[in-house]
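Trainee:
Protein chains: 2
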Amino acid sequence: MSHSQLGESYALTSVDVALPPMERFEEYLQAKGKRITQPRRILVEHVFSKHEHFDADALIEELAQRDAGPKRVSRPTVYRTLNELVEAGLLRKMDIGGRAVYEHDYGYPDHDHLYCTQCGKLSEFHSEELIRLRDAVGREQGFRVTGHKFIVNGTCQECQRKTRRQKRKVDLI
Amino acid sequence: MSHSQLGESYALTSVDVALPPMERFEEYLQAKGKRITQPRRILVEHVFSKHEHFDADALIEELAQRDAGPKRVSRPTVYRTLNELVEAGLLRKMDIGGRAVYEHDYGYPDHDHLYCTQCGKLSEFHSEELIRLRDAVGREQGFRVTGHKFIVNGTCQECQRKTRRQKRKVDLI
DNA sequence: GGCTTGTTGAGACTCTTTCCCAACAAGCAA
DNA sequence: TTGCTTGTTGGGAAAGAGTCTCAACAAGCC
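Same order as they appear, the protein sequences are chains A and B.
Just add 340 to wherever you are in the first sequence, counting from 1, and you've got this note's numbering.
Just add 340 to wherever you are in the second sequence, counting from 1, and you've got this note's numbering.
1) In chain order, which beta strand (DSSP E) runs of at least 3 residues are fully inside the region 366-446 of chain A?
2) Against chain B, does L454(A) count as a neighbour if the rule is that its beta carbon must be under 7 Å from one of theirs?
3) Roughly how many whole angstroms lie between the Cα atoms of C496(A) and D475(B)?
4) Return the residue from the list E498(B), H488(B), T503(B) and G494(B) that minimises the CA-CA distance to I436(A).
5) Please list the partners that G447(A) has in chain B, where partner means a Cβ-to-Cβ separation under 8 Å.
6) Give the secondary structure of K461(B) by DSSP, where H, G and I count as helix, E and B as strand, and everything else as coil.
7) Could you please give the first and the last residue of the uninterrupted alpha helix (DSSP H) stretch that includes D475(B)?
8) Less than 7 Å between the beta carbons of Y442(B) and G429(B), yes or no?
9) Is it buried or exposed for D452(A), if we count other Cβ within 10 angstroms and need 16 for buried?
10) With a cut-off of 7 Å, does the C-beta of N423(B) fall near any C-beta of chain A?
11) Taking CB distances under 7 Å as the criterion, tell me whether K433(A) reaches chain B.
12) Per the contact definition of three or more C-beta pairs closer than 8 Å, is the region 364-375 of chain B in contact with the region 389-401 of chain B?
13) Sorted by chain position, which residues of the same chain lie with C-beta nearer than 7 Å to K433(B)'s C-beta, five sequence neighbours on each side aside?
14) At a Cβ threshold of 7 Å, is K502(B) touching chain A?
15) In the DSSP assignment, what are the bridge partners of C456(B)?
16) Beta-carbon of E469(A) versus every beta-carbon of chain B: anything under 7 Å?
17) Can you grab the Cα-Cα spacing for the pair K461(B) / R505(A), in whole Å?
18) Under a Cβ-count criterion, where at least 16 other Cβ atoms within 10 Å of its own Cβ denotes burial, should R501(A) be classed as buried or exposed?
19) When the Cα atoms are used, what is the spatial distance from E498(A) to E480(B)?
20) Is V485(B) closer than 7 Å to G494(A) when the C-beta atoms are compared?
21) Quick one: using the 10 Å Cβ neighbour count with 16 as the cut-off for buried, is C456(A) buried or exposed?
22) For my contact list, L399(A) and V418(A) are in at a C-beta cut-off of 8 Å; report their separation, rounded to the angstrom.
23) Using the beta-carbon count (16 or more within 10 Å), is E468(A) buried or exposed?
24) Starting from the Cα of L422(A), find the closest Cα among L454(A), A404(A), P379(A) and K411(A) and give me that residue.
25) So with Cβ pairs under 7 Å, would you call C496(A) a contact of chain B?
26) Do you know how far the Cα of H444(B) is from the Cα of H393(B)?
27) When burial is assigned at 16 or more other CB atoms within 10 Å of the CB, is P416(B) buried or exposed?
28) Note down, in chain order, every chain B residue with its Cβ under 9 Å from the Cβ of A440(A).
29) Answer yes or no: do L454(B) and S463(B) have a C-beta to C-beta separation smaller than 7 Å?
30) If you draw a straight line from the C-alpha of F490(B) to the C-alpha of V413(B), how long is it?
31) Flag G429(A) as yes if its beta-carbon sits less than 7 Å from any beta-carbon of chain B, otherwise no.
32) Rounded to whole angstroms, what's the CA-CA distance from R381(A) to Y368(A)? Just pull it up for me.
33) Who are the Cβ neighbours of Q458(A) in its own chain at under 7 Å, not counting the five residues just before and after it?
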């Protein structure tokens with residue numbers, strides 16, 4: 341397996357990390373007395389070869405397409421491995437409209453999301469102020485904060501333009 | 341049906357609203373050309389008789405217990421009506437760990453949640469600053485904000501105490 | 001190379017939510 | 001009030017996401 345390939349493509353958008361994802365995962369598996377198997381390798385390599393958000397179903401589909409023959413990974417294994425990757429801190433899981441969506445966590449800067457309710461696109465932003473606010477609220481309420489989920493709903497720029505165009509057409513009638 | 345009874349119990353924790361929930365819902369139904377039926381009345385009355393968070397299953401259960409005979413409401417109707425109540429702006433729906441949870445929206449002040457990952461308890465807080473921050477982020481990104489979901493995860497005070505007790509016991513061994 | 005034991009994959013299963021459709025009941029009109 | 005039209009209900013089946021079971025398999029150790 342080529343670590344360097346994975347490492348390099350990953351480095352494009354990553355903050356500094358000591359190890360490429362697969363090696364990081366191997367550490368985790370070793371620490372837990374779990375085995376480094378072929379399916380786990382295939383899945384991690386695939387997941388970290390690109391940066392989009394994805395869900396389990398899409399992943400199952402893609403793995404089926406890409407490696408139709410011997411390298412396919414079964415559905416239970418996809419779900420199992422995704423959970424392990426979340427446990428290991430390599431992926432982050434969130435649910436958007438009752439559906440589980442995953443994204444890179446390891447080596448990727450902390451951020452929150454803007455969710456366009458029209459086209460479903462997720463975009464990202466980061467705010468230190470939000471973290472400060474969150475921790476302040478926790479302190480006030482005697483709550484030990486370990487994390488948060490913040491999703492801003494609305495309409496993205498592109499969909500706003502579309503809607504305006506639509507509206508203009510209607511106005512002409 | 342007694343509006344005043346519903347209205348009074350509701351007023352205890354509400355901000356000012358023009359109408360009790362059932363009347364507000366009737367307006368919505370009328371506007372949509374929908375009918376004011378017995379099941380819808382029973383459900384709304386039950387849901388707005390208390391202020392806790394709840395899920396569809398608990399509601400089905402409670403309605404079955406409370407009105408075993410003719411006044412029970414079927415499962416499909418519970419789901420259908422919950423969706424209508426969300427549409428009408430009377431309830432807010434959120435998913436916590438992939439599970440749909442509902443809470444009062446109409447006449448209830450805006451707030452966000454602290455979620456204890458140990459006992460599952462939800463508590464509430466409000467922050468104007470968060471709203472400002474949210475809108476500022478939206479403006480920056482050319483995103484038209486319509487709402488948000490903010491859940492702070494962690495451990496509530498009670499569970500922190502429990503964990504400490506547990507820990508002390510272990511230390512004694 | 002052999003052996004132990006964690007892992008995989010097929011398929012069944014669970015859980016939540018929705019769909020289908022025949023029986024029913026709002027609400028309007030006469 | 002009665003009758004009629006049409007939206008609504010409830011039972012059961014079905015869909016969709018995710019998990020469980022278990023026999024066959026393959027890491028990793030000796």
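In this text, a Cβ means the ideal position worked out from N, Cα and C, and glycines have one as well.
Mentor: Taking the structure as given:
1) Within the region 366-446 of chain A, the beta strand (DSSP E) runs of at least 3 residues that lie entirely inside it are, in chain order, 431-436 and 439-444.
2) So, interface residue.
3) A straight line joining the alpha-carbon of C496(A) with that of D475(B) spans about 13 Å.
4) Distances from the CA of I436(A) to each of E498(B), H488(B), T503(B) and G494(B) were compared; the closest alpha carbon is that of H488(B).
5) Residues of chain B passing the Cβ test: none, with the nearest at roughly 22 Å.
6) If DSSP states are grouped into helix, strand and coil, K461(B) belongs with coil.
7) E468 to Q481 is the span of the alpha helix (DSSP H), which, as asked, contains D475(B).
8) Going by C-beta atoms, Y442(B) is not nearer than 7 Å to G429(B).
9) Buried: at least 16 other Cβ atoms inside 10 Å.
10) Chain A, which has no Cβ nearer than 7 Å to the Cβ of N423(B), makes this no.
11) No, its Cβ sits nowhere closer than 7 Å to a Cβ of chain B.
12) No contact exists between the region 389-401 of chain B and the region 364-375 of chain B.
13) Contacts found: V426, A440 and Y442.
14) No - not a single Cβ of chain A is within 7 Å of the one on K502(B).
15) Checking the DSSP bridge columns, you'll see C456(B) partnered with G494(B).
16) Chain B, which has a Cβ nearer than 7 Å to the Cβ of E469(A), makes this yes.
17) Approximately 46 Å between the Cα atoms of the pair.
18) In the assembly as shown, R501(A) is an exposed residue. Its beta-carbon has fewer than 16 other beta-carbons within 10 Å.
19) Their Cα atoms are separated by approximately 15 Å.
20) For G494(A) and V485(B), yes; Cβs fall inside 7 Å.
21) Buried: at least 16 other Cβ atoms inside 10 Å.
22) Rounded, the Cβ-Cβ distance is 6 Å, consistent with contact.
23) E468(A) comes out exposed.
24) Among L454(A), A404(A), P379(A) and K411(A), the Cα nearest to that of L422(A) belongs to P379(A).
25) Closer than 7 Å: yes.
26) Within the model, the alpha-carbon separation for H393(B) versus H444(B) is close to 8 Å.
27) Under this definition P416(B) is an exposed residue.
28) Going along chain B in sequence order, the residues near A440(A) (Cβ under 9 Å) are G438.
29) Their beta carbons are under 7 Å apart, which means L454(B) touches S463(B) by this criterion.
30) Taking the straight line from one Cα to the other gives about 32 Å.
31) Output row for G429(A): interface = no.
32) Going from the Cα of R381(A) to the Cα of Y368(A) covers about 13 Å.
33) Once the five neighbours on either side are set aside, the close Cβ partners of Q458(A) are T495 and C499.
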